């Protein structure tokens, strides 16, 4: 599903590349692909998870069957909360869980790095706005469509 | 179980304090309390997780019942792997998953911090050796009992 650990990235650069690709997939799921993502998260279905993939894609699927998992798993059952919250609040919740998952995957792969390399990896990761910040930024724009609609570049974030 | 998010830490200092306490609990489970921890992780039992608690303790228990969870959950079913690996390898696996979980919890709570504060939080976290490093350090000492047995202070780590 999310790739076997046997091919897991091990250097700072490879872990960062894996992080950036998974993050891009999650951002896409929560922005340009959001209607498809939303409809896949049917509360009538079983426990679902949102995965960012190392190829830059995303998928909504059941958690891994075998435990303990090969790598950290994203929040389980995000679909069960979908209809009990405002859509934007639910998307923000998924974004916050996605950020926590992205960092857990990166530092799972980073287990054998030393402290300096972990710091370097974190700084590379932290140069991106979080998925939650991207959602919040969009939310701000959508809430004030007449105020600042023509100046998207001021709000543009490094995606 | 791991505390409701309504009382979740929100400042860098409070998130760090929560991190340090949970981490201390996990280190204890995997070092001084390791025999008790090991025996609790019976593969005949249901899916179990190792939680570091915000009071500095630890517990082995079932995952939360309600999903989506209020905060990131640790690796599920660690007990199922216990008897299929060498004890030290299994403990290392649990340590790596524990480090990934600790960082995911910290950055889940840090969702509303800005990039500078996230960086400051990470640097505070990264001043500690990882739980995995502590385990690896102990393993090295135990594998070479005659070589360096009297100089534990050279291997001492900030716990």
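Residue numbers (the working numbering), protein chains in the order written: chain A, 12 to 170; chain B, 12 to 170.
Ideal placement from N, C-alpha and C gives every residue a C-beta, glycine not left out.
The structure displayed is predicted, hence computed values, not measured ones.
Asked: Opposing strand residues paired with residue 63 of chain A [DSSP bridges]; Found: A:69
Asked: Residues near residue 74 of chain A by beta carbon distance below 7 angstroms, same chain, minus five either side; Found: 58, 60, 84, 87
Asked: First through last residue of the alpha helix (DSSP H) which encompasses residue 186 of chain B; Found: The displayed coordinates of chain B run from 12 to 170. Any statement about residue 186 of chain B would go beyond what the structure contains.
Asked: 8 angstroms Cβ cut-off: residues of chain B touching residue 130 of chain A; Found: 133, 134, 137
Asked: Extent of the continuous alpha helix (DSSP H) run through residue 174 of chain A; Found: Outside the displayed span of chain A (12 to 170) sits residue 174 of chain A, for which this structure offers no information.
Asked: Three-state secondary structure (DSSP) of residue 116 of chain B; Found: helix
Asked: Whole-angstrom C-beta distance between residue 41 of chain A and residue 146 of chain A, which should lie under 8 angstroms; Found: 6 angstroms
Asked: Own chain residues within Cβ distance below 7 angstroms of residue 34 of chain A, not counting five before or after; Found: 63, 113, 139, 142
Asked: Partner residues on chain B for residue 26 of chain A, Cβ-Cβ distance less than 9 angstroms; Found: The premise fails here: residue 26 of chain A is roughly 12 angstroms from chain B at the closest Cβ pair, so nothing lies under 9 angstroms.
Asked: DSSP state of residue 144 of chain B mapped onto helix, strand, coil; Found: helix
Asked: Cα-Cα separation, residue 45 of chain A to residue 105 of chain A; Found: 12 angstroms
Asked: Buried versus exposed call for residue 29 of chain A [16 or more other C-beta atoms within 10 Å across all chains shown]; Found: buried
Asked: Test item: CB-CB of residue 150 of chain B and residue 93 of chain B under 7 angstroms; Found: no
Asked: Extent of the continuous alpha helix (DSSP H) to which residue 88 of chain B belongs; Found: It is not in any alpha helix (DSSP H) - residue 88 of chain B carries neither H nor E in the DSSP assignment.
Asked: Whether residue 130 of chain A touches residue 137 of chain B by CB criterion (7 angstroms); Found: yes
Asked: Residue-chain proximity (residue 145 of chain B, chain A), Cβ-Cβ < 7 angstroms; Found: no
Asked: CA-to-CA distance, residue 133 of chain B to residue 127 of chain B, given in whole angstroms; Found: 10 angstroms
Asked: C-beta neighbour in chain A for residue 37 of chain B, strict 7 angstroms; Found: no
Asked: Local Cβ density within 10 Å of residue 125 of chain A, reported as buried at 16 or more and exposed below that; Found: exposed
Asked: Contacts that residue 246 of chain A makes with chain B (C-beta to C-beta distance below 7 angstroms); Found: No answer is possible for residue 246 of chain A: the residues shown for chain A start at 12 and end at 170.
Asked: Below-7 angstroms beta-carbon distance, residue 126 of chain A vs any chain B residue; Found: yes
Asked: Helix, strand or coil at residue 121 of chain A [DSSP, three-state]; Found: helix
Asked: Cut-off 8 angstroms between Cβ atoms - residues of its own chain near residue 69 of chain A, not counting five sequence neighbours on either side; Found: 36, 37, 39, 40, 44, 48, 61, 62, 63
Asked: Separation of residue 119 of chain B from residue 110 of chain A, as counted between CA atoms; Found: 7 angstroms
Asked: Residue 76 of chain A versus residue 91 of chain B - alpha carbon distance; Found: 13 angstroms
Asked: Chain A contacts made by the stretch 69-100 of chain B, where a contact means CB separation under 7 angstroms; Found: 78, 79, 80, 83, 86, 87, 88, 89, 91, 92
Asked: Residue-level contact to chain B via CB, residue 122 of chain A, 7 angstroms cutoff; Found: yes
Asked: From A:56, A:78, A:82, A:81, residue whose alpha carbon lies closest to that of residue 71 of chain A; Found: A:56
Asked: Close beta carbons around residue 20 of chain B, own chain, < 6 angstroms, minus the five adjacent residues each side; Found: 26, 29, 120
Asked: Test: residue 107 of chain B CB closer than 7 angstroms to a CB of chain A; Found: yes
Asked: Contacts of residue 58 of chain A in chain B (Cβ-Cβ under 7 angstroms); Found: 78
Asked: Neighbourhood of residue 23 of chain B by C-beta, 6 angstroms cutoff - its chain only, sequence neighbours within 5 removed; Found: 128, 131, 132
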